[in-house]
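K.L.:
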Amino acid sequence: MQFFSSDFKLGILGGGQLGKMMLYETRKWDIYTKVMDASADAPCKIACNEFVQGSLMDFDAVYQFGQDVDVLTIEIENVNIDALEKLEHEGKKVYPPTKTLRTIQNKATQKLFYTDHEIPTAPFTRFAYTSEIEDSIHNGGLQLPFVWKSAQFGYDGQGVKVVRQMEDLQGLPNVECIAERMIDFKNELAVIVARNTKGEVVTYPVVEMEFHPEANQVEYVICPARIEPKVAEKARDIALKVSEHMKHIGLLAVEMFQTKEDQILVNEVAPRPHNSGHYSIEASYTNQFEQHIRAILGLPLGKTDSKVAGVMVNLVGAEGHTGDVVYQNMEQILEMEGVTPHIYGKRQTRPFRKMGHVTIVDEDMAHAREVAQKVKETIKVISE
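If you want this note's numbering, it's the 1-based position in the sequence shown plus 1074.
1. Under 8 Å: do the region 1348 to 1356 and the region 1389 to 1396 share three or more Cβ pairs, one atom per stretch?
2. Considering only the alpha carbon of each residue, which of D1311, G1089, V1305, A1327 lies closest to D1336?
3. What distance in whole Å lies between the Cβ atoms of K1185 and T1195, which are believed to be in contact at a cut-off of 8 Å?
4. Quick one: grab the DSSP three-state call for C1297.
5. For the pair the region 1120 to 1130 and the region 1090 to 1105, tell me if three or more CB-CB distances fall below 8 Å.
6. Just checking, does the region 1305 to 1317 make contact with the region 1440 to 1447 on the three C-beta pairs under 8 Å criterion?
7. Determine the DSSP secondary structure at T1396, reduced to helix, strand or coil.
8. Might you give, ordered along the chain, the residues of its own chain that have their beta carbon closer than 7 Å to the beta carbon of T1360, omitting 5 neighbours on each side?
9. Pop quiz: Q1127 and D1111 are said to be a contact at Cβ under 8 Å. What is the actual Cβ separation, rounded to whole angstroms?
10. Near E1458, which residues of its chain fall below 7 Å by C-beta distance, leaving aside the five closest residues on each side in sequence?
11. As an exercise, report each continuous alpha helix (DSSP H) stretch of at least 4 residues that is fully enclosed by the region 1281 to 1350, in chain order.
12. Do the region 1364 to 1373 and the region 1410 to 1420 make contact, defined as three or more Cβ pairs closer than 8 Å?
13. For H1431, I'd like the list of residues in its chain whose CB is within less than 7 Å of its CB, leaving aside the five on either flank, ordered along the chain.
14. Between P1197 and the rest of its own chain, which residues show a CB-CB distance below 6 Å, the 5 nearest in sequence each way excluded?
15. Taking the Cβ atom as the reference point for each residue, do I1155 and Q1138 lie within a distance shorter than 9 Å?
16. So within the region 1406 to 1435, which uninterrupted beta strand (DSSP E) runs reach at least 3 residues, ignoring any that extend past its ends?
17. What is the rounded straight-line gap between the Cα of K1167 and the Cα of I1086?
18. Quick one: residues in its chain with C-beta nearer than 6 Å to the C-beta of I1355, no 5 flanking neighbours on either side, listed in chain order?
19. With which residues is W1103 paired in a DSSP beta bridge?
20. Looking at C-alpha atoms only, which residue of M1439, L1130, F1363, G1412 is the closest neighbour of K1102?
21. Can you find at least 3 beta carbon pairs, one from the region 1328 to 1335 and one from the region 1307 to 1316, that sit closer than 8 Å?
22. What does the alpha-carbon distance come out to for the pair I1150 and T1199?
23. One question on the structure: do E1293 and E1284 come within less than 9 Å of each other, judged by their Cβ atoms?
24. So N1041 and T1433 are in contact, right, with Cβ under 8 Å, and what is the actual spacing, rounded?
25. Evaluate Y1188 with the Cβ neighbour count: other Cβ atoms within 10 Å of its Cβ, from every protein chain shown; 16 or more gives buried, anything less gives exposed.
26. For T1452, list the residues DSSP reports as bridge partners.
27. When the distance is taken between beta carbons, is I1266 closer than 9 Å to Y1278?
28. Suppose the cutoff is 6 Å on Cβ atoms and the five residues either side in sequence are ignored; what does the same chain contact list for V1153 look like?
29. Where V1275 and L1314 are concerned, what is the direct C-alpha to C-alpha distance, given to the nearest angstrom?
30. Could you give the DSSP three-state label for Q1402: helix, strand or coil?
31. When the distance is taken between beta carbons, is N1261 closer than 9 Å to Y1203?
32. Which first and last residues belong to the alpha helix (DSSP H) in which E1162 is found?
33. For M1429, is the classification buried or exposed, using 16 other Cβ atoms within 10 angstroms of its Cβ as the cut-off for buried?
34. What are the residues that DSSP puts in a beta bridge with E1124?
35. How far does the alpha helix (DSSP H) with A1357 in it extend, from its first residue to its last?
36. Looking only at its chain, what residues have a beta carbon closer than 8 Å to the beta carbon of D1258, apart from the 5 residues adjacent to it on each side?
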């Protein structure tokens, strides 16, 4: 099939920043794109060939959207899988396949998948409703502290809460959820695996994630991770095992914990380009967005090595600021060497909303990390 400068049409469900960065690549190769998002101001709107406003969770909207595209992909997991299944059944190419999406979309199902396939993960208990947790604690079935996670629709610190005492359960939605044992880890790592339609598989180097203590969001992504080679090898092997069993097509970002004893435990996965791979736009031979396009179109996969060390800083809305966004001190960070800001195109800021990211590249990892700290302290995402 001819993909470039042709009648071929790629459909993308979700019009956020991940889609927008995917569109950098489709424009580079002149691939015709059609995108759907619920928001009329979605970041993707300016960069796709066709934009459809519609709810990603609405069966009819998703089903109609898929009618005239040749390949359908996603940039967010929260989509109507029944509609995708019907399209797949009718012969549409949907990547990642709906079977993979079903496993991943529900955190309880995802955790059971790891246990069934002997993939190391933190011990957990599944609950049909949050309200059942209190009884379980009183009966000695569950010990404090633990991490509460809503089974569906949680992302970027939403739908996740550390429960240290009974009071912490108050105000949590009464939904299907899991209670996961708190892991005493020394590092949070991630590996991105790419698999194309022909079964070719590659992994990116292991990255290390530094988290913001309050927001439960990644503050820095560091590539390569500052870990022992044998730990990195173990992380890549486990990521490949997850990928093999999930039979995804496209990208799979596997987030993991490195315990104090250097065990690797899988935390969760995302079947799409991921925050932990943004550094690759500036630092890798093939960035994650181009790789996703290559994979779902069955093209040869690109080289995943890094050219230089990369650190990515998330730009999130400052606390106490809601409204029209202002990027303060942008010129100062542009004066720094090896610094590239990416602004996602969201006009409205609110506390901790992901508004952009900045990549810092350098031959020397320690120096890149120092510059990243400066960037973090300099640029502020505030409202007018």
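Ideal Cβ placement from N, Cα and C applies to all residues, glycine included. This structure is a prediction, so every number in the text was calculated from the model and none was measured.
P.N.:
Quick look at the numbers:
1. no
2. V1305
3. 6 Å
4. strand
5. yes
6. no
7. coil
8. G1376, K1377, T1378
9. 7 Å
10. G1397, D1398, V1400
11. 1303 to 1320
12. no
13. H1352, M1386, V1387, N1388, L1389, H1416
14. R1255
15. no
16. 1413 to 1417
17. 12 Å
18. N1361
19. According to DSSP, which records beta bridges pairwise, W1103 is partnered with nothing at all.
20. F1363
21. yes
22. 26 Å
23. yes
24. Any answer about residue 1041 is impossible in this case: the structure gives the chain only from 1075 up to 1458.
25. buried
26. In DSSP, T1452 forms no bridge with anything.
27. yes
28. L1087, L1130
29. 8 Å
30. strand
31. no
32. 1155 to 1163
33. buried
34. K1108
35. 1354 to 1357
36. T1333, K1334
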